[in-house]
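Presented below is the structure to which this report refers.
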Amino acid sequence: MPNQKMAIAIDGPAASGKSSTAKAVAKTLGFHHVDSGSLYRAATTARARAGGEPSTWTEQSVLDAAAIVSLAPTEFGFKPLLDGHEVESEMRSEAVTGNVSLVAKMPRVRDWVNSIVRQAGSEYDVVVDGRDIGTVVFPNASLKVFLTADPAERARRRLLERSGGEPSAADIDEETKKILLRDEMDAKQSGQAPDAILIDTTSLAQVEQIEKIVELGREATG
Ligand code: DC
Numbered sequence: 260m261p262n263q264k265m266a267i268a269i270d271g272p273a274a275s276g277k278s279s280t281a282k283a284v285a286k287t288l289g290f291h292h293v294d295s296g297s298l299y300r301a302a303t304t305a306r307a308r309a310g311g312e313p314s315t316w317t318e319q320s321v322l323d324a325a326a327i328v329s330l331a332p333t334e335f336g337f338k339p340l341l342d343g344h345e346v347e348s349e350m351r352s353e354a355v356t357g358n359v360s361l362v363a364k365m366p367r368v369r370d371w372v373n374s375i376v377r378q379a380g381s382e383y384d385v386v387v388d389g390r391d392i393g394t395v396v397f398p399n400a401s402l403k404v405f406l407t408a409d410p411a412e413r414a415r416r417r418l419l420e421r422s423g424g425e426p427s428a429a430d431i432d433e434e435t436k437k438i439l440l441r442d443e444m445d446a447k448q449s450g451q452a453p454d455a456i457l458i459d460t461t462s463l464a465q466v467e468q469i470e471k472i473v474e475l476g477r478e479a480t481g
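Pasting the structure below:
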């Protein structure tokens with residue numbers, strides 16, 4: 260493992276607000292944000308472009324396709340590029356979201372993501388969000404946070420973010436089912452480190468959760 264600077268790990272289930280929180284925490288503390296899920300999404304996007312039924316994708320074919328993925332610096336962190344181009348909306352599409360768990364289960368793809376994330380952590384102080392950051396990627400992180408929220412509240416926030424308006428109860432129900440399915444598909448790769456601080460954000464406003472983690476981050480990194 261390359262030398263590590265300071266790392267703050269933020270793990271949690273799908274749609275728990277990890278990435279937006281991690282980004283804001285990084286910005287406030289002057290750290291760099293790394294969204295590890297975006298690398299799994301970039302690898303999935305690259306592999307999907309190469310064609311073929313997802314059920315036939317081999318680990319090697321994902322790694323070969325992912326050779327065009329690079330991590331570019333942004334103002335407060337990094338974002339993945341494919342062949343030097345931004346792929347944010349493609350990476351967040353339903354098609355990629357539907358297949359990314361499959362790719363994230365591949366051990367050598369996990370090694371590939373982890374080495375990129377650790378490399379960033381050897382060069383910068385980082386706030387990294389994901390599923391296994393506190394357990395596997397940075398077990399010695401200065402601070403580990405595990406974010407959680409009721410599935411229906413996670414669904415409501417996700418829909419609100421997507422459409423801007425307050426979603427109906429039926430839409431929340433449908434989205435909750437999708438989120439629970441994703442939790443189940445990602446369960447094996449996800450974990451709360453024993454020394455992580457659990458924050459249930461169900462009834463917290465986003466600014467409150469950010470403030471709380473910034474405060475913990477300041478205490479932990481001095
Ligand atoms: O957080 P997200 O929805 O962007 O994550 C995309 C996928 O990658 C999801 O299936 C979980 C997986 N993932 C993972 O297995 N380990 C991580 N550290 C981050 C994400």
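In the working numbering, the protein residues as written are 260 to 481. Glycine included, each C-beta is placed from N, C-alpha and C at the ideal position.
Considering only heavy atoms of the ligand DC, does any lie closer than 7 Å to the CB of residue i?
i    : result
V368 : no
G296 : yes
R377 : no
S374 : no
A281 : no
R421 : no
R306 : no
D445 : yes
R310 : Before going further, note that residue 310 is Gly rather than Arg in the sequence given. For the ligand DC, not one heavy atom lies less than 7 Å from the Cβ of G310.
A268 : no
Is the beta carbon of residue j closer than 8 Å to that of residue i?
i    : j    : result
N390 : S449 : The residue you asked about is not Asn; residue 390 is Arg in the sequence shown. The answer is yes: Cβ separation under 8 Å.
R211 : A274 : Residue 211 is absent from the structure shown; the chain starts at 260 and stops at 481.
A302 : V284 : no
Q465 : S279 : yes
A354 : L340 : no
N373 : P313 : no
V386 : I269 : yes
S348 : A266 : no
I456 : Q468 : no
To the nearest angstrom, how far is it from the Cα of residue i to the Cα of residue j?
i    : j    : result
K282 : A309 : 31 Å
P410 : D445 : 15 Å
D294 : I438 : 19 Å
P453 : A305 : 35 Å
A482 : W371 : Limits of the chain in this structure are 260 at one end and 481 at the other, which puts residue 482 out of reach.
A307 : P366 : 19 Å
G289 : G311 : 42 Å
*Identify every run of the alpha helix (DSSP H) within the segment 293 to 364, keeping only runs that are complete inside it and at least 4 residues long; order them along the chain.*
295 to 308, 318 to 324, 347 to 350, 353 to 363
*Contiguous beta strand (DSSP E) assignments of at least 3 residues, all confined to the segment 394 to 461*: 402 to 407, 456 to 459
*Taking 8 Å as the threshold, find out whether the segment 396 to 406 comes into contact with the segment 423 to 434 through three or more Cβ pairs.*
no
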